[in-house]
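Peer 1:
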Amino acid sequence: MPSQQLDMELMTPLIDNAGGGERAGQEEDNSEEDQDPELLPVRHYEKGSNQGITFTQALIHLLKGNIGTGLLGLPLAVRNAGIIVGPLCLVLMGVVCVHCMHILVHCSHHLCERLKRPPMGYSDTVAFAMEHSSYLCFRNSARFGRHLVNFFLVLTQLGFCSAYFVFLAENIKQVVEGYQGLNITLGDKSLSFANTTLAVSGDSTLVAAHVPAEPWALDLRLYMLFFLPPLILLVFMKDLKNMAVLSLVANICMAVSVVIIFQYITTDFRDLQHLPLTSTLGKFPFFFGTAIFAFEGIGVVLPLENQMKEPKRFPLALNIGMGIVTVLYVVLATLGYLHFGDDIKGSITLNLPHNAWTNQMVKILYSFGVFVSFAIQFFVPAEILIPPVQAMLGERWRAAGDMALRGLLVCVTC
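Take 1 as the starting number for the sequence shown in full-length UniProt numbering and just add one per residue.
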């Protein structure tokens, strides 16, 4: 079988339909086979080839898959939970999330060694775990469990992609409309950039004021249509290894934008006496929903681990990456709420003044990071849906079917 076809089947192997007698015999031999290192399964990317991604590349992709639009909404989440309860709950959710990720990876490894199979994805892990359960109801529902997990994964990841589409369109729309007709006056010189006037007063300070201007009232859907072709081209990159450099650049852009946000929100804080320590139970579900959305990278855990050259080092990458993510979440959420108080909006970028070019750069840089995140989140549903479609096509049409389905899925998220 060609190596490319094997690569596509790493995450979606078929359920072994062996009979009960064969399964029982296999389980009897497990105790002896587990003691023989020669009989343990060989991980695909541990064969010494140049395939697979490195530890650093996996860490970069893990950060890219977790730091997205949800980060910008966490200050609002803290407002819905309280200045004390909010950060504490974020830390607790981060610990639970990392713990569940480790359990997922451990279960996948255990099943690979027990069943002598290549690396498994989410649906395979669930299906084989249910198939070898001691409960008859779970064994009979293994196929249903596989399809249910695939359905929720596709629905969740495409939902993230849809949110990214809206975020890109809204932010670029604000940037474009914000720079229309800008009139900058410096001494006897004047430059036009947006519906804002910047002038030097007598004490050499730069003064900004809005002037009426007719905005470009382009519909938001037109901006979404503008992003459609480049996003389709982006998802044609099928290998995470080839996206490592682009993901690194996106991480740098998002880091710069986050630094600018920190520089702004650390200049002043609201009086703590006017901020609630805890919120009501009626608002807590809003905190929980926003926080869960922020921890959006769990869908890329097994795909990343399965593509590593050294999968045994993935737990370390997971601890480092999620540790950075959790600290960033807690600090930005707390400082953002301390600065803006109850005036905080759904995205902290909406609270930034529009008459500063640095604040506009925040939107541009962060939008580029989200643009790359689209491809990372899209990788999961693509790996679930494309192999079954290719199996129904002839060898001649598989490449075309792959590209057509990728383009169709991007159009669905638009």
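Ideal Cβ placement from N, Cα and C applies to all residues, glycine included.
Compute the Euclidean distance between the alpha carbons of residue 416 and R117, then round it to the nearest angstrom.
Peer 2: Since the first and last residues shown for the chain are 1 and 414, residue 416 lies out of range.
Peer 1: Measuring alpha carbon to alpha carbon, tell me which residue in L352, G299, E305 is nearest T267.
Peer 2: Walking along the sequence shown from the start, residue 267 turns up at place 267. The shortest Cα separation from T267 among L352, G299, E305 belongs to L352.
Peer 1: Between which two residues does the alpha helix (DSSP H) containing R406 stretch?
Peer 2: Mapped onto the sequence shown, residue 406 falls at position 406. It spans 398-413 - the alpha helix (DSSP H) in which R406 sits, taken as one unbroken run.
Peer 1: If you reduce the DSSP assignment to three classes, tell me which class M93 lands in.
Peer 2: Taking the first residue of the sequence shown as 1, we reach residue 93 at position 93. M93: helix per DSSP, three-state reduction.
Peer 1: Go through its chain and collect everything with a Cβ distance to K283's Cβ below 6 Å, but skip five positions before and after it.
Peer 2: For this step, residue 283 is matched to residue 283 along the sequence shown. So the list reads N80, once near-sequence residues are dropped.
Peer 1: Name the DSSP beta bridge partners of I53, please?
Peer 2: Position 53 of the sequence shown holds residue 53. DSSP output for I53 lists M308 as bridge partner(s).
Peer 1: Report the rounded CA-to-CA distance for L88 versus L63, giving the unit in angstroms.
Peer 2: Position 88 of the sequence shown holds residue 88. Position 63 of the sequence shown holds residue 63. One C-alpha to the other measures close to 22 Å.
Peer 1: Starting from residue 483 and walking both ways along the alpha helix (DSSP H), at which residues does that stretch end?
Peer 2: Since the first and last residues shown for the chain are 1 and 414, residue 483 lies out of range.
Peer 1: Report yes if the CB atom of L301 is closer than 9 Å to the CB atom of V154, and no otherwise.
Peer 2: Taking the sequence shown and counting its residues from 1, one reaches residue 301 at position 301. Taking the sequence shown and counting its residues from 1, one reaches residue 154 at position 154. In the sequence on display, residue 301 carries Val and not Leu. No.
Peer 1: Let's test the definition: count the other Cβ atoms within 10 Å of the Cβ of Y366 and tell me whether it reaches 16, buried, or not, exposed.
Peer 2: By one-based count along the sequence shown, residue 366 stands at place 366. So Y366 counts as buried.
Peer 1: According to DSSP, is F269 part of a helix, a strand, or is it coil?
Peer 2: Stepping through the sequence shown from its first residue, residue 269 is reached at position 269. Residue state, collapsed to three classes: coil.
Peer 1: Cα-Cα, which of G369, F378, L385 is closest to N171?
Peer 2: Within the sequence shown, numbered from 1, the residue matching residue 171 stands at position 171. Residue G369 is the option with its Cα nearest to N171.
Peer 1: Is the number of C-beta pairs between the stretch 370-387 and the stretch 82-99 that are closer than 8 Å three or more?
Peer 2: Contact between the stretch 370-387 and the stretch 82-99 is absent, because fewer than three Cβ pairs lie under 8 Å.
Peer 1: Can you tell me whether L182 is helix, strand or coil according to DSSP?
Peer 2: Residue 182 sits at position 182 when you count from the first residue of the sequence shown. Caution applies to L182, whose pLDDT of 48 falls short of 50 and renders its modelled position unreliable; the value that the coordinates give is listed next. Here L182 sits in strand by DSSP.
Peer 1: Under the rule that 16 or more other beta-carbon atoms within 10 Å means buried, what is T278, buried or exposed?
Peer 2: Here residue 278 is taken as the residue at index 278 of the sequence shown, counted from 1. T278 comes out exposed.
Peer 1: In three-state terms, what does DSSP make of F314?
Peer 2: For the purposes of this step, residue 314 is identified with residue 314 of the sequence shown, where counting begins at 1. Helix, per DSSP.
Peer 1: Is the shortest distance between the beta-carbon of L71 and the beta-carbons of chain B less than 9 Å?
Peer 2: Among the protein chains of the structure shown there is no chain B, as only one such chain exists.
Peer 1: Among residues of its own chain, excluding the 5 on either side of C161, which ones have a beta-carbon nearer than 6 Å to its beta-carbon?
Peer 2: Position 161 of the sequence shown, counting from 1, holds the residue named residue 161. Cβ neighbours of C161 beyond the five flanking positions: F374, Q377, F378, T413.
Peer 1: Please specify which runs of the alpha helix (DSSP H), each continuous and at least 4 residues long, are wholly inside the stretch 111-161, giving them in chain order.
Peer 2: Counting whole runs of 4 or more residues, the stretch 111-161 contains the alpha helix (DSSP H) stretches 122-131, 136-140.
Peer 1: Taking the alpha helix (DSSP H) that L393 falls in, what are its first and last residues?
Peer 2: One-based indexing of the sequence shown puts residue 393 at position 393. Where L393 is concerned, there is no enclosing alpha helix (DSSP H), given that its DSSP letter is neither H nor E.
Peer 1: Quick one: what's got a C-beta closer than 8 Å to L385's C-beta in the same chain, skipping five residues either side?
Peer 2: Here residue 385 is taken as the residue at index 385 of the sequence shown, counted from 1. For L385, where only same-chain residues beyond five positions count, the Cβ hits under 8 Å are V154, L405, L409.
Peer 1: Count the other C-beta atoms from every protein chain shown that fall within 10 angstroms of the C-beta of Y164, then say buried if there are 16 or more, exposed otherwise.
Peer 2: Along the sequence shown, read from residue 1 onward, the residue named residue 164 stands at position 164. When all chains shown are included, Y164 counts as buried.
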